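Student:
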Amino acid sequence: MVTMSDNAPPRFDKQEYMTELLENQPVFTNVFTMMADCRSSVIYTIIAGNEKGVFAINPNSGVVFTKKIVDYEMDRGFNLTIRGTSVIHSYAVAYLFVHIIDANDNAPEFVHTEYVGNITEGAKVGSVVLDGKAEPLVVKAKDKDSSLNAILMYEIRDDFAKKFITIDPNTGALRTAAEIDHEVISKIEMTVEVWDMGKPQLRSRSPAKVTVYINDVNDTPPQFSAQSYKAEVLLPTYKDVIVTQAVATDEDTGINLKLQYSIVKGNSEKHFRISKFSGAVYIDNEVDIGDAYTLTIEVYDGVFRSRALLNVSITKPVQRPFHFTQEVYVASVHENSPLEETLTVVQVADRALNQQYTFSLLNGQGKFEMGRTSGVLTTTGVSFDREEINMYNLVVEVGCFCPTENFKALYFLVLSITPLLSFLIVYSLNV
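According to this note's numbering, numbering within the sequence shown proceeds without interruption in unit steps and concludes at 435.
1) Note down the Cα distance separating residue 318 from residue 241, rounded to an integer number of angstroms.
2) On the DSSP letters alone, give me the boundaries of the alpha helix (DSSP H) that residue 166 sits inside.
3) Return helix, strand or coil for residue 431, following the three-state DSSP convention.
4) Suppose contacts are defined by Cβ-Cβ distances below 8 Å. Is residue 262 in contact with residue 305 by that definition?
5) For the ligand MN, any of its heavy atoms closer than 7 Å to the Cβ of residue 146?
6) Excluding the 5 residues flanking residue 369 on each side, which residues of the same chain have their C-beta closer than 7 Å to its C-beta?
7) What is the DSSP secondary structure of residue 347, counted as helix, strand or coil?
8) Just list the residues that DSSP pairs residue 376 with in beta bridges.
9) At the level of alpha carbons, what is the spacing between residue 49 and residue 205?
10) Between 310, 247 and 177, which has its C-alpha nearest residue 264's C-alpha?
11) Please classify residue 229: does DSSP put it in a helix, a strand, or coil?
12) Can you tell me where the beta strand (DSSP E) with residue 269 in it begins and where it stops?
13) What residue from 183, 201, 315 and 210 has the CA that sits closest to residue 236's CA?
14) Can you find the residues in the same chain that come closer than 7 Å, C-beta to C-beta, to residue 91, ignoring five residues on each side of it along the sequence?
15) Could you check which residue in 271, 303 and 300 has the C-alpha nearest to that of residue 290?
16) Buried or exposed: residue 147, going by 16 or more other Cβ atoms within 10 Å of its Cβ?
17) Would you mind working out which of 246, 198, 297 and 191 sits nearest residue 120, comparing C-alpha positions?
18) How long is the line joining the alpha carbons of residue 61 and residue 39, rounded to whole angstroms?
19) Whole angstroms is fine: what's the gap from residue 228's alpha carbon to residue 278's?
20) Quick check on the DSSP output: the beta strand (DSSP E) that includes residue 315 runs from which residue to which?
21) Any idea what DSSP makes of residue 154, helix, strand or coil?
22) Short check: CB of residue 380 to CB of residue 329, under 8 Å?
23) May I have the straight-line CA-CA distance separating residue 128 from residue 162, to the nearest angstrom?
24) Which value, in whole angstroms, describes the spacing of the CA atoms of residue 144 and residue 88?
25) Suppose contacts are defined by Cβ-Cβ distances below 8 Å. Is residue 21 in contact with residue 99 by that definition?
26) Please look up how many angstroms separate the CB atoms of residue 249 and residue 284, rounded, as I've assumed it's under 8 Å.
27) What residues in its chain sit with their C-beta under 8 Å from that of residue 313, if we drop five residues either side in the sequence?
28) Across the segment 165-177 and the segment 102-111, are there enough close Cβ pairs to call them in contact, namely three or more that are closer than 8 Å?
29) From the DSSP output, in three-state form, read off residue 277 for me.
30) Going residue by residue through the segment 74-162, where are the continuous beta strand (DSSP E) segments of at least 3 residues, counting only ones entirely within it?
31) Based on the DSSP secondary-structure assignment, which residues constitute the bridge partners of residue 236?
32) I need the straight-line Cα distance from residue 308 to residue 221, nearest angstrom please.
33) From residue 31 to residue 152, what distance separates their C-alpha atoms?
34) Check whether the Cβ atoms of residue 53 and residue 84 lie closer than 8 Å to each other.
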């Protein structure tokens, strides 16, 4: 039989002890009881590993308890050195390892509050949604907890969005659930929710907003506003007189909406030209122009082409005694002025109260405008360069709307550019 001497130092039955403590326990929670064998009483103290003052030990009973609430996210464990001292100051040392157990006390949080991605229209089901760097778009959240408490699940909350987009519940990666047509849906907005697998389950305080743009593909041909157009040109006519404006539309967008116009048939004598990007048709060569033309105009979007017919009739205007209030109008404008200036007001003399006149500038070339009912001729702010053009022959179509009949006539305005000033002379020519 082994007995201890009265002078023998205290003795712990182990050199090392281990215990667990759930985080967030209240102060004075008992953690572990240290016991050392000794013939005399033993005084227990913590001599190392308690620099934060989280624990204390009852000097008489050896019960280790908390003095502060422990946060797993701050401290995962403690290694306490405990000494037991006898009345004669002999002592023994043992080690207590306190492992902190994570409690599900942190709700997951999204890394970003908003996510933006894109997918090409018509992409196959299951195609990956991409971010702005052409990398897979992944909705990410983080959780300060660990183990099951940090395993996250993702879900799209919007039923409409679920028809087109799916989210991997484990990773947050987005894919298509259906083929999407940009012309029907140009973007999909949704909210994504995340929760953890701890007990109790905790959800994010606010969902993430996700916007997926559907990139347009040039899959729709352009269409003219009409299959055929009619236009009338009054003689005499001049270069740059506008004939008509062809209009085409395309359901595609962005770079797929850059339409280009051309005349592909009926213009062998080059009497007409069409603006490549606006679709406006002009007189290009008035010499020996015929009575009628049927032009085939085409619009091209880079992939698809569409065509329409333009029937142009060349006619002489009805002779009517139109007279201006002045036979000659004179105005001036600085050659390089960028300002919008009023040049003159063209007025019909002896106009009856029940007669309405309209004024149309047929070849303003972007530099001149005329009030439709006022006859006010103005510049548009585009500066004049005499070295480029020193004379403008402007054609004005005047329409008269009378109680008994309607008719039109043409008048011509001649603008001469000088180095410093521009003089405008309007000749009252009935044709």
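Even for Gly, the Cβ is constructed at its ideal location relative to N, Cα and C. Note that this is a predicted model, so its numbers are computed, not measured.
Tutor: Working from what's here:
1) In this structure, the CA atom of residue 318 is about 9 Å from the CA atom of residue 241.
2) 163-166
3) Unreliable positioning characterises residue 431 in this predicted model, as indicated by a pLDDT of 49, which lies under 50. A coordinate reading is not provided.
4) Contact check for residue 262 against residue 305 passes: the beta carbons are separated by less than 8 Å.
5) As far as ligands go, the structure on display features none, and thus does not contain the ligand MN.
6) 244
7) strand
8) Note: residue 376 sits in no beta bridge, so no partner.
9) 40 Å
10) Out of 310, 247 and 177, 310 has the C-alpha closest to the C-alpha of residue 264.
11) coil
12) 264-269
13) 315
14) Excluding residues within five positions, the ones whose Cβ falls inside 7 Å are 44 and 45.
15) 271
16) buried
17) 191
18) Cα-Cα distance, rounded: 12 Å.
19) 15 Å
20) Start and end: 309-319.
21) helix
22) no
23) 22 Å
24) Counting only the Cα atoms, residue 88 lies some 51 Å from residue 144.
25) yes
26) 5 Å
27) 231, 232, 233, 298, 299, 300 and 301
28) no
29) strand
30) Uninterrupted beta strand (DSSP E) stretches at least 3 residues long and entirely within the segment 74-162 occur at 81-90, 95-105, 118-124 and 156-160, given in chain order.
31) 317
32) Approximately 12 Å, taken between the alpha carbons.
33) Computed Cα separation, rounded: 26 Å.
34) yes
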